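Written out below as structure tokens is the structure these notes cover.
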Ligand SMILES: Cc1cc2nc3c(=O)[nH]c(=O)nc-3n(C[C@H](O)[C@H](O)[C@H](O)COP(=O)(O)O)c2cc1C
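Residue numbers (UniProt numbering): 1 to 187.
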């Protein structure tokens, strides 16, 4: 079961990056992280019937298509989804790789709100894309700062780690359930 992660933060010492790495370490199977910082701004003119999408876009689409599940880990900026992550999702709307893809959304913030606005917006965007948002695998992590070891840049808070483990188990369960449902639909 292959898990692909996308981060909404480009910051070198990102707290969401630390959450992402800690979550991937808990996944039982191969993992990868998509490089969405290099994507061009979404432009439908580059993506029409007569256009060849940019190589970075094609690589993202292949990475999503060949993954069994997606993990979005993101901060919230101005009560919204970071532009870099919305841009990546915009490139995936028409091409359809997210359709029925089990997806978990995790937001982490230094504030008590845990990035709740961005979390809700990401789930709504994914639903519009006919992705399968696995609600039981979504998390809003408040007050993230002291939950991370700045040296290892990993989550060290035991409660948060245990909860991330539960979330990823829920995501894996959804992958199995979705595969079973899609197979029985085809028969
Ligand atoms: C321009 C800007 C806007 C922000 N807006 C919010 C916000 O609306 N809600 C929130 O929880 N945090 C907000 N923050 C704080 C970020 O959550 C914080 O900088 C966080 O560390 C960014 O995530 P990262 O560590 O993964 O890069 C904002 C930060 C910046 C720089």
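Heads up, the beta-carbon is just placed ideally off N, CA and C, and yes, glycines get one too. Computed from a predicted model, the values in this text were never measured in an experiment.
- In the structure shown, the three-state DSSP call for residue 132 is strand.
- Annotation: the UniProt domain "NADPH-dependent FMN reductase-like" (1–134) contains the following complete segments of the alpha helix (DSSP H) (minimum length 4 residues), in chain order: 15–26, 55–65, 83–93 and 116–128.
- For residue 75, the CB contacts under 8 Å within the same chain, skipping 5 residues up- and downstream, are 8, 9, 14, 15, 16, 82, 107, 108, 109, 115 and 118 in chain order.
- Distance between residue 79 and residue 112, taken at the CA atoms: about 13 Å.
- A straight line joining the alpha-carbon of residue 12 with that of residue 63 spans about 22 Å.
- One alpha carbon belongs to residue 102, the other to residue 32, and they sit about 16 Å apart.
- The residue from 18, 4, 24 and 138 with its alpha-carbon nearest to that of residue 65 is 4.
- A direct Cα-Cα distance of roughly 10 Å separates residue 25 from residue 165.
- Taking a C-beta distance under 9 Å as the contact criterion, residue 122 and residue 85 qualify as a contact pair.
- Residue 149 carries a strand assignment under DSSP once its states are collapsed to helix, strand and coil.
- Residue 40 is not a Cβ neighbour of residue 19, given a cutoff of 9 Å.
- For the pair residue 21 and residue 28, the Cα-to-Cα distance works out to about 14 Å.
- Contact check for residue 91 and residue 60: beta-carbon distance about 6 Å, within the 8 Å limit, so the pair qualifies.
- Judged by their CB atoms, residue 156 and residue 149 are nearer to each other than the 9 Å cut-off.
- In summary, residue 38 is exposed, with fewer than 16 beta-carbon neighbours lying within 10 Å of its beta-carbon over all protein chains present.
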